[in-house]
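Protein chains in written order, with this note's numbering: chain L, 11 to 356; chain Z, 11 to 356; chain B, 11 to 356; chain S, 11 to 356.
Note that the Cβ used here is the ideal one computed from N, Cα and C, for glycine as well.
Since the structure is predicted, the reported quantities are computational estimates derived from the model, not experimental observations.
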């Protein structure tokens, strides 16, 4: 544990006192040295906190609400300040070359505080900030700017329409939000797939109407079972959030003619998969890759959780709290999956 | 050559005297015994003709023009009569289970005449019929109901917008129409790729602004060259119409973030390809398979050729004529590719 | 009350024994002689019933489920058999010229039974039929093929996205389903407007988060109130289902830049309204008219009610039952609005 | 004529030596005192020029090309620097509250040069800049950032598809570009309407297939004539670019069921029009207002002109040149419409 000096926030910056941050799977990879993060650094990008001080030229949050010290806020996990073709022409600010992410910098350089596992964070210019309503608990709010916003992006790309049948491959945090969001967008039937029995049970509480254990049946049987739930021709949408490329061919077989398959979990390189392109062609399938999210998706993520928190138990997802000096213990528990989402409370 | 009796067309049928039909690549496969067609049959689904007699309950063509004997017409290469979820709910009549295609039936059973390489054809109930304007030559009109309509379907799926950069992989008949159609939809730059030098030259006359020989450079160089034509981040659209699954990974590399890849040529089973799904995800790529076309695409195909026939030399595509008794010779020439498109003129 | 002979259903026909039909506002207009219906006729197009006998060539319902005597079914309120540019090219079967509607024919001509206020009905060829699940009560099922399906059509056109703010002008039957459907499509906030206090109260139970009485405040104040609920720039969507053209200008003022206004209730001619077209232009507004629905919307209507019947009290909408010989009484009660929806139970 | 000092461009600014600017209709209104512009000011927002000096933090144009002194450029007619819900959430930067436009400021305040009718202009931070290809003449390039980009925006909103029939109401500068752009997007038939005979003739050279003089026939006849060109049910798209609200009802009557009407010319307040909202509803019409354009539309405007300059005589639109000291004469000629577009060449 190290200490760095706090200074007044510069133009466009906001100084936040962190109230909670959670450990994302990618933090675990960095912690275990599997990702090339600068060291020493402050990991953590799923962060919320209370505004301590506001720099010049910062006026309002993304929705136009005036920001003031004392406001509790979330913010986009990335920031980019400047002009960029991806943002200004394509409306894909999340893909600007040179974009930076919280929790990925050297802590020894100013402003030092750019990650979640610390007492403070300087929100940088080019970040989308969003005020949080009081009734939302820290546990419900912290995952907003990573998993929830990403799933808004993924389910939007899937084009889920009223009455659709939706298959979710993988029932981790992304998958749980995905099941609930599919229902909240009007899906008729959500089918959750995973290999871990407790996850299947949890998914039922998050909107999955049917759950199937992918390890208990042959893949051809699994495909048949899913298709039998979706007459006459298969599922309208399949969403991959398990991170395993090998599930794609079976997912494509589950789709109806004209159906849509969205890749949301394959965030690591070398996710090779062999497909029969003729299947895509004959079935008029649309296959989309989605990575990260647009700033508006963070607003929608908040609206989704606020509008459905009495319908689905979002409060149970962050199921453990650790102090800053228990960080190693928190990482250990998160890594061994004995907790669903570990929160650090400074 | 065999003869069968002509009878009055039944309800919903139209008897047409064929004026031209052309040999499609799939006809060659059937002719060579590589596809399981019933025998004896009348091959050929790219057909136009003049209405000889009209059955009961046939009133107008797809555009609402009254049909009369003496009208020259084209029609959808497939027919489906009845109710069907794919048509009535999904608006995908081209995918109704049990749909039938001209040129695929046993000639010994009534109505005998359901293919192109004959003097007559009975247009069946559930076929979309379209009157042809007089100024259009038979050579320009015959490919409408197969290659041209398919490419309307493919380029619509690609979502080509004003100013887009479009790569066409494969410059056969589909590719040539694809280049011209991309320009006619407002593309800024069309890049044609093929391994056959004369095709590259022909493509220039059909709207390709740049052509590259895929066999003369390494794939990585090819990708770089294409990307250098499409600053700052690669092509907006890549269209596959070469029938070779191995070209897909390079095509994906050519795309910009958020770009669209359409599969249009991989009509044969077992088109296996290995992809890095992480590339699709990180680049927000949309990959679509398109097969066959909606009846409205046939109308658009006609409008496209009528509106652009002085801009692109569509009349040169059907470049040879054979009589019915020269059918074997026509198939030989088409098979060895010494003609671009062989026409049979009864 | 008159009797007509029952015969076997012809090809494509299905004979149904009616279990419930409800009185729509348009039936009241016809009953009161304000609409030119042929006489004597059997009014009523909101009908469900049990299949008694199935004619030739009828196989499955719209979803592909095999139909059998004893199945309880709903069906599209209109039918059209034949080919038509509006259906085959535009995918708008509901707008085919010559389309016919149940409850609009002379009862003295065969097949006599084409309306709801009778013991039997012959479902005609070109009707979309849909099987009903057992758990759905007749009261929940009968409005599906008119009001519910129309509101699927209207809310789809509105493009309601996760987190949207939606204003519903008019809280009759269409408005109540509209409020619930906006929530079921992910709306963050639904604001209901009406002049009748009990309707405002009912709307709260159907998903309206805020309700405003349009007669208790000046229009400028009303606009300000609505806009204050939708920071920073107004509502994303406004839906008109009150049938009063004069509400449109205020509705447009409630919208944000780039918002969408859908007309759903102005089904009568001469709905003149004066607009400032410059407001539409400067605010980039999209204004859409929607009338009737596509067959797929009936499927979605069923899925919507099935998926949300424990969330919203759809069962309370049909709040009264009358026998066939109490039809006059039922019309009287419906006309004076002392019941919300009157059901006829033969 | 007054002189102001030139200084080095500040951060994010670019100093341009103007090579041409043109007089827009709105400049004439300001010149005639009908619009409240600050005085003394430098009017003119349709400007191109050559980069003289580049301030800090300016790297590349909108397409990512590095900017250097000597580059000839066009730029968005508006600028907005900072964060804004309209830009960051809605992707509508052109509608940010507080947005500023070139040609609308007091010239006595630094940086003095913010309008077209001068020797220099300081491009401000938050402007989209675009390099111009050498082969494009100044006359072809100057209208890009106003009329051409606006019509990209308008015709995009119209959703013109291959084979569509498009009616253009008003054949001034916007209408001429509109006709050409409809063809370049694949329209089958473009019908131009105006009351000024020479405009009708000019429109033919810009892609109008049919032109009708709206003053020579009754409106009902005009509607019938247009509809007869667009069987079976009327035009797919009608675009208003004449600035007269009274033309809207006739335009709506010209549309097919499901057609789209775009308002593009009604830029002045109090454009009252009385519509029958029931017509919109029964015909499923979409009516959209479009004002100004997104930065990407300026890129598309350039691509459109570059791709079609040998097809349509864009070079003839700017048909007169005046020196800066002939500005009054230029305004007189533009005002009396004895020139199509007057250019000021410093």
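Discussion item. Residue 28 of chain S and residue 128 of chain S - do their beta-carbons sit closer together than 8 Å?
Written reply: By 1-based counting over the fourth chain, the position of residue 128 of chain S is 118. By 1-based counting over the fourth chain, the position of residue 28 of chain S is 18. Their beta carbons are under 8 Å apart, which means residue 128 of chain S touches residue 28 of chain S by this criterion.
Worksheet item: So is residue 87 of chain B buried or exposed if we call it buried at 16+ other beta carbons inside 10 Å?
Response: As a first step, residue 87 of chain B is located in the third chain; it is residue number 77 there, counting from the start. Residue burial annotation: residue 87 of chain B is buried, with at least 16 other C-beta atoms found within 10 angstroms of its C-beta.
Worksheet entry | C-alpha distance - residue 111 of chain L paired with residue 130 of chain L, whole-angstrom precision | Translated into positions along the first chain, residue 111 of chain L becomes position 101. Translated into positions along the first chain, residue 130 of chain L becomes position 120. CA-CA distance, residue 111 of chain L to residue 130 of chain L, rounds to 16 Å.
Worksheet entry | residue 350 of chain S versus residue 105 of chain S - alpha carbon distance | Start at 1 with the first residue of the fourth chain, and residue 350 of chain S comes out as number 340. Start at 1 with the first residue of the fourth chain, and residue 105 of chain S comes out as number 95. Roughly 29 Å separates the two Cα atoms.
Discussion item. Under 7 Å, CB to CB, which of the residues in the stretch 94-128 of chain Z have a partner in chain L?
Written reply: Near chain L, meaning a CB-to-CB distance below 7 Å, the residues of the stretch 94-128 of chain Z are 95, 96, 100, 102 and 105.
Worksheet item: Should residue 125 of chain Z and residue 53 of chain Z be called a contact, given that it needs their Cβ atoms to be closer than 8 Å?
Response: Locating residue 125 of chain Z in the second chain gives position 115, counting from the first residue. Locating residue 53 of chain Z in the second chain gives position 43, counting from the first residue. Result yes, Cβ atoms of residue 125 of chain Z and residue 53 of chain Z sit closer than 8 Å.
Worksheet item: How big is the Cα-Cα spacing for residue 294 of chain B and residue 237 of chain B?
Response: Taking the third chain and counting its residues from 1, the one referred to as residue 294 of chain B is at position 284. Taking the third chain and counting its residues from 1, the one referred to as residue 237 of chain B is at position 227. The C-alpha of residue 294 of chain B lies about 17 Å from the C-alpha of residue 237 of chain B.
Fill in: Chain-ordered residues of the stretch 50-79 of chain S with a beta carbon less than 7 Å from chain L
Flagged, chain order: 72, 73 and 74.
Fill in: Buried versus exposed call for residue 107 of chain B [16 or more other C-beta atoms within 10 Å across all chains shown]
Counting from one through the third chain, the residue named residue 107 of chain B turns up at place 97. Under the 10 Å beta carbon count, residue 107 of chain B is surrounded by fewer than 16 other beta carbons and is classified as exposed.
Worksheet item: Measuring CA to CA, which of Z/230, Z/171, Z/245 and Z/228 is closest to residue 202 of chain Z?
Response: Residue 202 of chain Z sits at position 192 when you count from the first residue of the second chain. Of the candidates Z/230, Z/171, Z/245 and Z/228, the one whose C-alpha sits nearest the C-alpha of residue 202 of chain Z is Z/245.
Worksheet entry | Proximal residues of chain S, C-beta to C-beta of residue 309 of chain L below 7 Å | Indexing the first chain from 1 puts residue 309 of chain L at position 299. Those within 7 Å of residue 309 of chain L in chain S are 99.
Discussion item. Below 8 Å on C-beta distance, what does residue 313 of chain Z contact in chain L?
Written reply: Position 303 of the second chain holds residue 313 of chain Z. Chain L residues near residue 313 of chain Z: none, gap ~23 Å exceeds 8 Å.
Discussion item. By the DSSP assignment, the alpha helix (DSSP H) with residue 288 of chain Z in it spans what residues?
Written reply: Sequence index remark: in the second chain, residue 288 of chain Z carries index 278 (1-based). Counted as a single uninterrupted DSSP element, the alpha helix (DSSP H) harbouring residue 288 of chain Z occupies residues 287-292.
Practice prompt. Measure the beta-carbon distance from residue 275 of chain S to residue 250 of chain S and round it to whole angstroms, keeping in mind my assumption that it falls under 8 Å.
Written response: The residue given as residue 275 of chain S occupies position 265 in the fourth chain. The residue given as residue 250 of chain S occupies position 240 in the fourth chain. Contact flag correct, Cβ pair sits at about 6 Å.
Discussion item. So that I know if they touch, is there some Cβ in chain B lying closer than 8 Å to that of residue 194 of chain L?
Written reply: To locate residue 194 of chain L, count along the first chain from 1; it is residue 184. Yes, residue 194 of chain L counts as interfacial toward chain B.
Worksheet entry | Top-ranked residue by Cα proximity to residue 292 of chain Z, from L/284, L/278, L/292 and L/282 | Numbered from 1 along the second chain, position 282 holds the residue referred to as residue 292 of chain Z. Across the set L/284, L/278, L/292 and L/282, the C-alpha of L/278 shows the shortest separation from the C-alpha of residue 292 of chain Z.
Discussion item. Does any residue of chain B have a CB that is nearer than 8 Å to the CB of residue 44 of chain S?
Written reply: Translated into positions along the fourth chain, residue 44 of chain S becomes position 34. Taking 8 Å as the threshold, the shortest C-beta distance from residue 44 of chain S to chain B does not fall below it.
Fill in: Touch test, the stretch 295-303 of chain S against the stretch 187-200 of chain S, Cβ-Cβ under 8 Å, three pairs minimum
Using a C-beta cut-off of 8 Å, the stretch 295-303 of chain S makes no contact with the stretch 187-200 of chain S, since fewer than three inter-stretch Cβ pairs fall below that distance.
Worksheet entry | Three-state class that DSSP yields for residue 139 of chain L in the structure shown | In the first chain, residue 139 of chain L corresponds to position 129, counting from 1. In the structure shown, residue 139 of chain L falls within a strand segment according to DSSP collapsed to helix, strand and coil.
Worksheet item: Can you list, in chain order, the residues of the stretch 176-191 of chain B whose Cβ is nearer than 7 Å to any Cβ on chain L?
Response: Here the close residues number zero.
Worksheet entry | 7 Å Cβ cut-off: residues of chain S touching residue 268 of chain B | Working through the third chain from its first residue, we reach residue 268 of chain B at position 258. Chain order gives the chain S residues near residue 268 of chain B as 100 and 102, where near means a beta carbon separation below 7 Å.
Worksheet item: Applying a beta-carbon distance threshold of less than 9 Å, which residues of chain Z neighbour residue 242 of chain S?
Response: Residue mapping note: residue 242 of chain S aligns to position 232 of the fourth chain, counting from 1. Within 9 Å Cβ-Cβ: 70, 73, 74 and 75.
Item to complete: Please confirm if residue 320 of chain S has its CB atom under 8 Å from at least one CB of chain B.
Response: Counted from its first residue, the fourth chain places residue 320 of chain S at position 310. No, because no Cβ of chain B sits closer than 8 Å to the Cβ of residue 320 of chain S.
Item to complete: Output, in chain order, the set of chain S residues within a Cβ distance shorter than 7 Å of residue 306 of chain B.
Response: In the third chain, residue 306 of chain B corresponds to position 296, counting from 1. Ordered by position in chain S, no residue passes the 7 Å Cβ test against residue 306 of chain B, which lies about 15 Å from the chain.
Discussion item. Using a Cβ-Cβ cutoff of 7 Å, what residues of the stretch 138-160 of chain Z are near chain B? List them in chain order.
Written reply: Answer set for the stretch 138-160 of chain Z: 138.
Fill in: residue 270 of chain B: first and last residue of the uninterrupted beta strand (DSSP E) it sits in
Here residue 270 of chain B refers to the residue found at position 260 of the third chain. 265-273 is the span of the beta strand (DSSP E), which, as asked, contains residue 270 of chain B.
Worksheet item: Checking contacts by CB at 8 Å: is residue 281 of chain B closer than that to chain S?
Response: Residue mapping note: residue 281 of chain B aligns to position 271 of the third chain, counting from 1. For residue 281 of chain B, the answer is yes, since a Cβ of chain S falls inside 8 Å of its Cβ.
Worksheet entry | alpha helix (DSSP H) segment containing residue 313 of chain L, residue limits | Here the question's residue 313 of chain L lines up with position 303 in the first chain. Counting along the chain, the alpha helix (DSSP H) containing residue 313 of chain L begins and ends at 305-318.
Worksheet item: Count the other CB atoms within 10 Å of the CB of residue 263 of chain B; is the residue buried (16 or more) or exposed (fewer)?
Response: Here residue 263 of chain B refers to the residue found at position 253 when the third chain is read from its first residue. Classified as buried, residue 263 of chain B has 16 or more neighbouring CB atoms from the shown chains inside 10 Å of its CB.
Worksheet item: So, residue 261 of chain B versus residue 248 of chain B, is the Cβ gap smaller than 8 Å?
Response: Mapped onto the third chain, residue 261 of chain B falls at position 251. Mapped onto the third chain, residue 248 of chain B falls at position 238. Residue 248 of chain B is positioned such that its CB atom lies closer than 8 Å to that of residue 261 of chain B.
Worksheet item: With distances taken between CB atoms, is the gap from residue 4 of chain S to residue 165 of chain S smaller than 8 Å?
Response: Because chain S is modelled from 11 through 356, residue 4 of chain S falls outside the range shown and cannot be assessed.
Practice prompt. Please say whether residue 232 of chain Z and residue 219 of chain Z have beta carbons closer to each other than 8 Å?
Written response: Here residue 219 of chain Z corresponds to residue number 209 of the second chain, with the count starting at 1. Here residue 232 of chain Z corresponds to residue number 222 of the second chain, with the count starting at 1. Here residue 219 of chain Z is not near residue 232 of chain Z, since their CB atoms are 8 Å or more apart.
Practice prompt. Please work out which residues of its chain come closer than 6 Å, Cβ to Cβ, to residue 94 of chain Z, disregarding the five sequence neighbours upstream and downstream, and give them in chain order.
Written response: Here residue 94 of chain Z refers to the residue found at position 84 when the second chain is read from its first residue. Excluding residues within five positions, the ones whose Cβ falls inside 6 Å are 106.
Practice prompt. Rounded to whole angstroms, what's the CA-CA distance from residue 341 of chain S to residue 72 of chain L? Just pull it up for me.
Written response: In the fourth chain, the residue the question calls residue 341 of chain S occupies position 331. In the first chain, the residue the question calls residue 72 of chain L occupies position 62. Taking the Cα positions, residue 341 of chain S is about 44 Å away from residue 72 of chain L.
Discussion item. I'd like the ranges of any alpha helix (DSSP H) spanning at least 4 consecutive residues and lying wholly in the stretch 17-101 of chain L.
Written reply: Counting only runs of 4 or more, we get 35-41 and 95-98.
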